[in-house]
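S.K.: Keeping their order, the protein sequence lines are chains U and B. The opening position of the first sequence corresponds to residue 1 in this note's numbering, with each subsequent residue numbered one higher. The opening position of the second sequence corresponds to residue 212 in this note's numbering, with each subsequent residue numbered one higher. Before we start, here is the structure in question, set down as structure tokens.
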Amino acid sequence: MKRNTLVLCSVLVIFSVFAWAGWANWENRKQATERLLATAAQGTLAPDAAGGAAQYVSPLKGKPAPAFVLEDLNGRKVSLASYKGKAVLINFWATWCAPCKIETPWLIELRNQYAAQGFEVLGISTEGDDLADNDKAGWARDRADIAKSVQQMHIPYPVLINGDSLSKAYGGLDAMPTSFFVDRKGIVVASQLGLTSKEDIEGKILKALGN
Amino acid sequence: MKKQVRVAAGIVIGLACLLAQGQSGGMSRSSAQPAAVQYLYPEQVTLAAGKPGSVALHFRIAQGMHINSHTPREDYLIPTTFSIPDGADVRLKDAVYPAGTDLTLPIDPKTKLSVYTGEFIIQARIVAAPGNHLVEAKLHFQACDNSQCLPPRTIPVAFDVIGK
């Protein structure tokens, strides 16, 4: 009888340890998932004021645009901070993205139209190929493809590379094109996921300019 | 006494299984998004060993999305390509891809794309050594909808080949 009690107690102890371990594991994973989702900041779709198509609303809206320093095609370091005092459209695009090719001429026209008011576009190539830092051939291929696109589309504004490194800070960058409109104080005032229209982009530029 | 030990062992193993299941469930929650393209079938084919044989590989593209055909109209677009890694007991001789269908984006009627939508079939001609082989082939593609594009992806295409 005494032995039976001992066995049953042992089973209960083991059961309790397993139950606790399972609960603790589940709780840890739940918290890790919540942290990941909060960091990834995926954004939501909300109807626009005029009742039109749903607009992408980034969790970055109303917050300072995450700082970055990236290289341009000539290897020069370009920082977002150096554009403080200007309204900036940060446009994440990719060489393989057909909607980006439709959007880019609009960006060029709008940039030329509003440059005198203190507006600039930063095109950030985001190829999604997750190249390792030491993959020299991969980076050379990317640079050549980006340079070819820039030349073909006559892009006059700075084009930076390795947008993938900003993926976490800018909410995942799961699809191209994705744009953020930053005001003169460095605050994100609007965002855009996918191709919309030139008028929609212009409205957001005016908001960034404070007009 | 033996019975009690067996019962205790059963409870412990059962709990261990539950715990393991809980862990794998947690992992699947944090896994990457599903790919825009899914490999459907076949799971197994039987071919004459050493001779080229044709296999019809069926794929499905998520609703509302398209991928570039094998021969996109513009050179900057990423073509859909099927491959089998070199050195395998099953070799890809060639692949016949379906013709793309024309797609015009609503916002820009001037741009015409050659794409696959819905389900599509790639006819792969393969040569297998005698025996049973698990082929771990790959499909490389780049998917978009009408306004945005996802990064290029490579998905596994796994099927068994019996070379007789």
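Each residue gets a CB set at the ideal place from its N, CA and C atoms; glycine is no exception.
At a Cβ threshold of 8 angstroms, is U:M176 touching chain B?
M.R.: Yes, U:M176 lies at the interface with chain B (some Cβ there is under 8 angstroms from its Cβ).
S.K.: Is the shortest distance between the beta-carbon of B:I289 and the beta-carbons of chain U less than 8 angstroms?
M.R.: Yes, B:I289 lies at the interface with chain U (some Cβ there is under 8 angstroms from its Cβ).
S.K.: Using beta carbons (cut-off 8 angstroms, strictly below), is U:A98 in contact with chain B?
M.R.: Yes, U:A98 counts as interfacial toward chain B.
S.K.: With a threshold of 8 angstroms on Cβ separation, who are the neighbours of B:G264 within its own chain once the five nearest residues in sequence on each side are excluded?
M.R.: Here the set comprises V256, L258, R336, I337, V338 and A339.
S.K.: How long is the line joining the alpha carbons of B:K321 and B:T315, rounded to whole angstroms?
M.R.: So the alpha carbons of these two residues sit roughly 7 angstroms apart.
S.K.: B:I318 to B:Y308, Cα distance in whole Å?
M.R.: Using only the alpha carbons, I get a separation of about 29 angstroms.
S.K.: Where does the unbroken alpha helix (DSSP H) through U:I102 begin, and where does it stop?
M.R.: Counting along the chain, the alpha helix (DSSP H) containing U:I102 begins and ends at A98 to Y114.
S.K.: Verify whether the separation of the beta carbon atoms of B:S280 and B:A348 is less than 8 angstroms.
M.R.: Their beta carbons are not under 8 angstroms apart, which means B:S280 does not touch B:A348 by this criterion.
S.K.: Do the segment 91 to 98 of chain U and the segment 122 to 131 of chain U touch if we need at least three Cβ pairs shorter than 8 angstroms?
M.R.: At 8 angstroms Cβ cutoff, the stretches touch.
S.K.: Leaving out five residues on either side along the sequence, give the residues of the same chain with a beta carbon under 8 angstroms from the beta carbon of B:L229.
M.R.: Only weak support exists for where B:L229 lies, its pLDDT of 45 falling under 50; the value from the coordinates is given anyway. Same-chain partners within the cutoff: there are none.
S.K.: Counting only beta-carbon atoms, is U:A94 nearer than 8 angstroms to chain B?
M.R.: By this cut-off, U:A94 is an interface position.
S.K.: If you follow the alpha helix (DSSP H) that U:G210 is in, where does it begin and where does it stop?
M.R.: First-last for U:G210: undefined, no H or E at that position.
S.K.: Looking at the secondary structure, which residues open and close the alpha helix (DSSP H) in which B:D305 lies?
M.R.: Not the alpha helix (DSSP H): B:D305 falls in the beta strand (DSSP E), residues V301 to V307.
S.K.: Where do the N-terminal and C-terminal ends of the alpha helix (DSSP H) with U:Q152 fall, by residue?
M.R.: Counting along the chain, the alpha helix (DSSP H) containing U:Q152 begins and ends at K136 to M153.
S.K.: Could you run through the segment 347 to 367 of chain B and flag, in chain order, every residue whose CB is less than 7 angstroms away from some CB of chain U?
M.R.: Of all residues in the segment 347 to 367 of chain B, Q353, C355, S358, Q359, C360, L361, P362 and P363 have a Cβ within less than 7 angstroms of some Cβ in chain U.
S.K.: Less than 8 angstroms between CB atoms is the rule here; does B:L316 satisfy it with respect to chain U?
M.R.: It does; some Cβ of chain U falls within 8 angstroms.
S.K.: Hey, could you find the ends of the beta strand (DSSP E) B:Q274 is sitting in?
M.R.: No beta strand (DSSP E) holds B:Q274; DSSP gives it neither H nor E.
S.K.: Please work out which residues of its chain come closer than 6 angstroms, Cβ to Cβ, to B:F331, disregarding the five sequence neighbours upstream and downstream, and give them in chain order.
M.R.: Taken in chain order, the residues that qualify are F270 and P309.
S.K.: May I ask you to report which of helix, strand or coil DSSP gives U:Y170?
M.R.: Three-state DSSP puts U:Y170 in coil, outside helix and strand.
S.K.: Any C-beta of chain U sitting closer than 8 angstroms to the C-beta of B:T322?
M.R.: Yes, B:T322 counts as interfacial toward chain U.
S.K.: If the cut is a Cβ gap below 7 angstroms, which residues of chain U does B:D319 touch?
M.R.: Here the neighbours are I102.
S.K.: Could you have a look at B:T282 and say whether DSSP puts it in helix, strand or coil?
M.R.: Residue state, collapsed to three classes: coil.
S.K.: Closer than 8 angstroms, CB to CB, is U:G194 near chain B or not?
M.R.: Yes, U:G194 counts as interfacial toward chain B.
S.K.: Mind listing the chain B neighbours of U:P128? Cutoff is C-beta to C-beta under 7 angstroms, in chain order.
M.R.: Per the sequence shown, residue 128 of chain U should be read as Gly rather than Pro. Residues of chain B passing the Cβ test: P362 and P363.
S.K.: Secondary structure at B:L350, three-state DSSP: helix, strand or coil?
M.R.: Three-state result, B:L350: strand.
S.K.: Between the segment 134 to 149 of chain U and chain B, which residues of the former have CB atoms less than 7 angstroms from a CB of the latter, in chain order?
M.R.: Against chain B - using a Cβ distance shorter than 7 angstroms - the residues of the segment 134 to 149 of chain U are S149.
S.K.: Taking U:L195 as the reference, which of U:T104, U:L209 and U:Y83 has the closest Cα?
M.R.: Among U:T104, U:L209 and U:Y83, the Cα nearest to that of U:L195 belongs to U:T104.
S.K.: Sorted by chain position, which residues of the same chain lie with C-beta nearer than 7 angstroms to B:R284's C-beta, five sequence neighbours on each side aside?
M.R.: Cβ within range, chain order: K323, L324 and S325.
S.K.: Could you have a look at B:I318 and say whether DSSP puts it in helix, strand or coil?
M.R.: Three-state result, B:I318: coil.
S.K.: Could you give the DSSP three-state label for U:K198: helix, strand or coil?
M.R.: In the structure shown, U:K198 sits in a helix (DSSP, three-state: H, G or I).
S.K.: Any residues in the segment 183 to 208 of chain U with a beta carbon nearer than 9 angstroms to a beta carbon of chain B? Which ones, in chain order?
M.R.: Per Cβ criterion, the list reads L193, G194, L195, T196 and S197.
S.K.: My output table needs one value for U:I14: the three-state DSSP class, helix, strand or coil.
M.R.: Looking at U:I14 - three-state DSSP - the assignment turns out to be helix.
S.K.: Indicate whether U:L193 and U:P66 have their beta-carbon atoms separated by less than 8 angstroms.
M.R.: Taking 8 angstroms as the Cβ cut-off, U:L193 and U:P66 do not qualify as a contacting pair.
S.K.: For the beta strand (DSSP E) containing B:D371, name the first residue and the last one.
M.R.: Residues R364 to G374.
S.K.: Return the residue from the list U:L6, U:E199, U:D174 and U:I155 that minimises the CA-CA distance to B:A247.
M.R.: When only C-alpha atoms are compared, the closest one is U:D174.
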